[in-house]
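Engineer:
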Amino acid sequence: MNNIKDKLEQIIKIQENYPLAKLTTWQIGGPAKYFCQINTIAELQGVLILIKQEQLPFFIIGGGSNLLFSDQGYDGLIIQLALKQITFADRAASVSADIVLNRLVTEAAKRGLKGLSGLISIPGTVGGAIVGNAGAYGNEMKQVVKTVTCLDHDTIKKLNQEQCNFNYRDSIFKSNQFIVLSAELEFATSTKEVEEQEIARYRAERLKKIPLEPSAGCVFKNVITDEQLIDRIRTKGYDLPTQFIEYQKIPAAWLIDQLNMKGQKFGGAQVSEQHANFIINTGQATAADTLGLISLIKQKIRTEFNIQLQEEIRYIDDKI
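In the UniProt record's numbering, the protein residues as written are 1 to 320.
(1) Could you say which of Leu293, Leu44 and Ile14 lies nearest to histidine 153 if we only look at CA atoms?
(2) Please tell me whether, using a cut-off of 7 Å, the distance from the CB of glutamate 312 to the nearest non-hydrogen atom of the ligand GDP is below it.
(3) Out of Glu54, Gln177, Ala200 and Leu81, which has the shortest C-alpha to C-alpha gap to phenylalanine 35?
(4) Looking only at C-alpha atoms, which of Glu304, Gln258, Ile280 and Lys192 sits nearest to alanine 216?
(5) Considering just the uninterrupted stretch of the alpha helix (DSSP H) at aspartate 231, what are its terminal residues?
(6) In this structure, does DSSP put lysine 114 in helix, strand or coil?
(7) For serine 190, I'd like the list of residues in its chain whose CB is within less than 8 Å of its CB, leaving aside the five on either flank, ordered along the chain.
(8) Alpha carbon to alpha carbon, how far is glutamine 228 from leucine 240? Give it in angstroms, no decimals.
(9) Tell me whether alanine 252 is buried or exposed, calling it buried when 16 or more other Cβ atoms sit within 10 Å of its Cβ.
(10) Where does asparagine 306 land, buried or exposed, given buried means 16+ other C-beta within 10 angstroms?
(11) Which runs of the beta strand (DSSP E), 3 residues or longer, sit entirely within the segment 6 to 71?
(12) For threonine 147 versus lysine 158, is the C-beta distance shorter than 8 Å?
(13) Taking isoleucine 4 as the reference, which of Trp26, Asn176, Pro57 and Gln163 has the closest Cα?
(14) Would you kindly check if the distance between the Cβ of alanine 109 and the Cβ of isoleucine 199 is under 8 Å?
(15) What is the rounded straight-line gap between the Cα of aspartate 71 and the Cα of glutamine 270?
(16) According to DSSP, which residues form a beta bridge with arginine 302?
(17) Can you tell me the Cβ-Cβ gap for proline 31 and glycine 73, rounded? I've got them flagged as a contact below 8 Å.
(18) Label isoleucine 301 either buried or exposed according to how many other C-beta atoms from any shown protein chain fall within 10 Å of its C-beta, with 16 as the threshold for buried.
(19) Does the pairing of the segment 163 to 172 with the segment 122 to 139 give three or more beta-carbon distances under 8 Å?
(20) What is the C-beta distance between leucine 309 and phenylalanine 220, in whole angstroms, given that I count them as a contact (C-beta under 8 Å)?
(21) Quick one: grab the DSSP three-state call for asparagine 102.
(22) Do valine 126 and leucine 104 have their C-beta atoms within less than 8 Å of each other?
(23) Output the distance between the C-alpha atoms of aspartate 226 and isoleucine 99, rounded to the nearest integer angstrom.
(24) Return the residue from the list Phe278, Asp289 and Ala285 that minimises the CA-CA distance to isoleucine 313.
(25) Rounded C-beta distance between isoleucine 41 and isoleucine 179? I'm assuming under 8 Å.
(26) Grab the span of the beta strand (DSSP E) containing tryptophan 212 for me, first residue to last.
(27) How is the beta strand (DSSP E) around tyrosine 247 delimited, first residue to last?
(28) Enumerate in chain order the residues of its own chain whose CB-to-CB distance from methionine 1 is below 7 Å, with the five nearest sequence positions on each side excluded.
(29) What does DSSP give as the partner residue(s) for isoleucine 156 in the beta ladder?
(30) Measure the alpha-carbon distance for lysine 33 versus leucine 68 and round it to whole angstroms.
(31) Could you check what DSSP says for alanine 132 in three-state terms: helix, strand or coil?
(32) Would glycine 268 and alanine 285 be called neighbours here (beta carbons separated by less than 8 Å)?
(33) Please return the same chain residues whose Cβ sits closer than 8 Å to the Cβ of glutamine 15, not counting the five positions on each side in sequence.
(34) Since I believe threonine 282 is in contact with glutamate 205 (beta carbons under 8 Å), could you give me their beta-carbon distance rounded to a whole number of angstroms?
Shown next, in the form of structure tokens:
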């Protein structure tokens, strides 16, 4: 039984040549050599031990937002977590990484728990939100995370909030081998009525500007300001809104919009007419199209503002 697929199927069902476009909100990507869904931590540990022995590349996916897969696909194993665990006790919640973020936000609001209402309608899973320290309207994941349970090779570890190294759209999980499995959260108290009103307000605001076409969410991080940058932008004749200065962040969407790039196309990829920090798949977009448009946007922003935009999205090469 030398075939890696046969060995894996002693642990979990394996599908071959699985279309990655089915797994991402961008609906882009070639085939994965192997694909499986994991239902228990024991299954995950068994699979990881085997693929380490076989030196098979792997990548773990949640809801598929903020991801761009190569047109050539992925020459390894794509693992999708399906642990499906979420429980509440007073102000605390225990939630597995695969739970859809919207579900966590709405379940917390129903219980009058405060801290995540601003994240309503952000696509993806709790795990992805922790990895990228997702945030909106003054709320960020780091504000409610108490501990994160993760897998470090074959060892399960629990990190406290400080050890997670949360930063703006960043955490320790973005840059090392830790795999987020679950988290213990702690909320502030509010009321069901207040939190559900907040959710309704934030959802309505987001729906006004979020495109319906396939996308990955915001492509670029917002830009942290300093006096030198503010002066440089004003010197060029741009009217910088005062709230950007107050919050010390310039939305990437605003910068892109100043260059009239809404509607800009590159093959089947297009800058959304509704929100300039969204790149949409108009129907036949490829990863090459999307990367080409990302590169064009970065080049124009760099030329005009001397700003190097950083991506929020992650590109997964075929041989990562």
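Glycine included, every Cβ here is placed at the ideal spot set by N, Cα and C.
Structural biologist: Reading off the structure:
(1) For the purposes of this step, residue 153 is taken as residue 153 along the sequence shown, with counting starting at 1. When each option's Cα is compared against that of histidine 153, the closest is Leu44.
(2) With respect to the ligand GDP, the structure shown offers nothing to examine, as it has no ligands at all.
(3) Translated into positions along the sequence shown, residue 35 becomes position 35. If we check each option's Cα against that of phenylalanine 35, Leu81 comes out closest.
(4) In the sequence shown, the residue the question calls residue 216 occupies position 216. The residue from Glu304, Gln258, Ile280 and Lys192 with its alpha-carbon nearest to that of alanine 216 is Ile280.
(5) The count along the sequence shown starts at 1 and reaches residue 231 at position 231. Here the alpha helix (DSSP H) through aspartate 231 covers 227 to 235.
(6) Position 114 of the sequence shown, counted from the first residue, corresponds to residue 114. If DSSP states are grouped into helix, strand and coil, lysine 114 belongs with the strands.
(7) Position 190 of the sequence shown, counted from the start, is the residue given in the question as residue 190. Contacts found: Gly112, Leu113 and Lys114.
(8) Locating residue 240 in the sequence shown gives position 240, counting from the first residue. Locating residue 228 in the sequence shown gives position 228, counting from the first residue. Cα to Cα, leucine 240 sits roughly 13 Å from glutamine 228.
(9) The residue labelled residue 252 in the question sits at position 252 within the sequence shown. So alanine 252 ends up on the buried side.
(10) Sequence index remark: in the sequence shown, residue 306 carries index 306 (1-based). It counts as exposed.
(11) Listed in chain order, they are 15 to 19, 31 to 38, 58 to 61 and 67 to 69.
(12) As a first step, residue 147 is located in the sequence shown; it is residue number 147 there, counting from the start. As a first step, residue 158 is located in the sequence shown; it is residue number 158 there, counting from the start. Contact: yes.
(13) Locating residue 4 in the sequence shown gives position 4, where the first residue counts as 1. Cα-wise, what sits closest to isoleucine 4 is Pro57.
(14) As a first step, residue 199 is located in the sequence shown; it is residue number 199 there, counting from the start. As a first step, residue 109 is located in the sequence shown; it is residue number 109 there, counting from the start. Here isoleucine 199 is near alanine 109, since their CB atoms are less than 8 Å apart.
(15) Position 71 of the sequence shown, counting from 1, holds the residue named residue 71. Position 270 of the sequence shown, counting from 1, holds the residue named residue 270. Going from the Cα of aspartate 71 to the Cα of glutamine 270 covers about 17 Å.
(16) The residue you call residue 302 lines up with position 302 of the sequence shown. Arginine 302 is not bridged to any residue.
(17) Within the sequence shown, residue 31 is the residue found at index 31, counting from 1. Within the sequence shown, residue 73 is the residue found at index 73, counting from 1. In this structure proline 31 is in contact with glycine 73, their Cβ atoms being roughly 4 Å apart against a cut-off of 8 Å.
(18) On the sequence shown, residue 301 is found 301 positions in, with the first residue counted as 1. By the neighbour-count rule (16 or more Cβ atoms within 10 Å), isoleucine 301 is buried.
(19) At 8 Å Cβ cutoff, the stretches touch.
(20) Looking up residue 309 in the sequence shown gives position 309. Looking up residue 220 in the sequence shown gives position 220. That pair is a contact at about 5 Å.
(21) Along the sequence shown, one-based indexing puts residue 102 at 102. In the three-state scheme derived from DSSP, where H, G and I count as helix and E and B as strand, asparagine 102 is classed as helix.
(22) Translated into positions along the sequence shown, residue 126 becomes position 126. Translated into positions along the sequence shown, residue 104 becomes position 104. For valine 126 and leucine 104, yes; Cβs fall inside 8 Å.
(23) The count along the sequence shown starts at 1 and reaches residue 226 at position 226. The count along the sequence shown starts at 1 and reaches residue 99 at position 99. Roughly 37 Å between the two C-alpha positions.
(24) One-based indexing of the sequence shown puts residue 313 at position 313. Considering only alpha carbons, the answer is Phe278.
(25) Reading the sequence shown from its first residue, position 41 is the one you call residue 41. Reading the sequence shown from its first residue, position 179 is the one you call residue 179. Going by Cβ atoms, the distance from isoleucine 41 to isoleucine 179 rounds to 10 Å, so no, they are not a contact pair.
(26) The residue given as residue 212 occupies position 212 in the sequence shown. The identity of residue 212 in the sequence shown is leucine, whereas the question assumes tryptophan. For leucine 212, there is no enclosing beta strand (DSSP E), as DSSP gives it neither H nor E.
(27) The count along the sequence shown starts at 1 and reaches residue 247 at position 247. Looking at the DSSP string, tyrosine 247 is not in any beta strand (DSSP E); the run it does join, the alpha helix (DSSP H), is 242 to 247.
(28) As a position in the sequence shown, residue 1 is number 1, starting the count at 1. Note that methionine 1 scores a pLDDT of 40, beneath 50, so its modelled location is shaky; the value from the coordinates is reported in the next line. The beta carbon of methionine 1 lies closer than 7 Å to those of Lys7 in the same chain, with the five residues before and after it left out.
(29) Indexing the sequence shown from 1 puts residue 156 at position 156. Leu151.
(30) As a position in the sequence shown, residue 33 is number 33, starting the count at 1. As a position in the sequence shown, residue 68 is number 68, starting the count at 1. About 17 Å.
(31) Within the sequence shown, the letter at position 132 stands for residue 132. Position check: residue 132 holds glycine in this sequence, whereas alanine was assumed. If DSSP states are grouped into helix, strand and coil, glycine 132 belongs with coil.
(32) Position 268 of the sequence shown, counted from the first residue, corresponds to residue 268. Position 285 of the sequence shown, counted from the first residue, corresponds to residue 285. Contact flag set, yes.
(33) Mapped onto the sequence shown, residue 15 falls at position 15. Excluding residues within five positions, the ones whose Cβ falls inside 8 Å are Tyr34, Phe35 and Cys36.
(34) Within the sequence shown, residue 205 is the residue found at index 205, counting from 1. Within the sequence shown, residue 282 is the residue found at index 282, counting from 1. No, glutamate 205 and threonine 282 are not in contact; Cβ-Cβ is about 25 Å, not under 8 Å.
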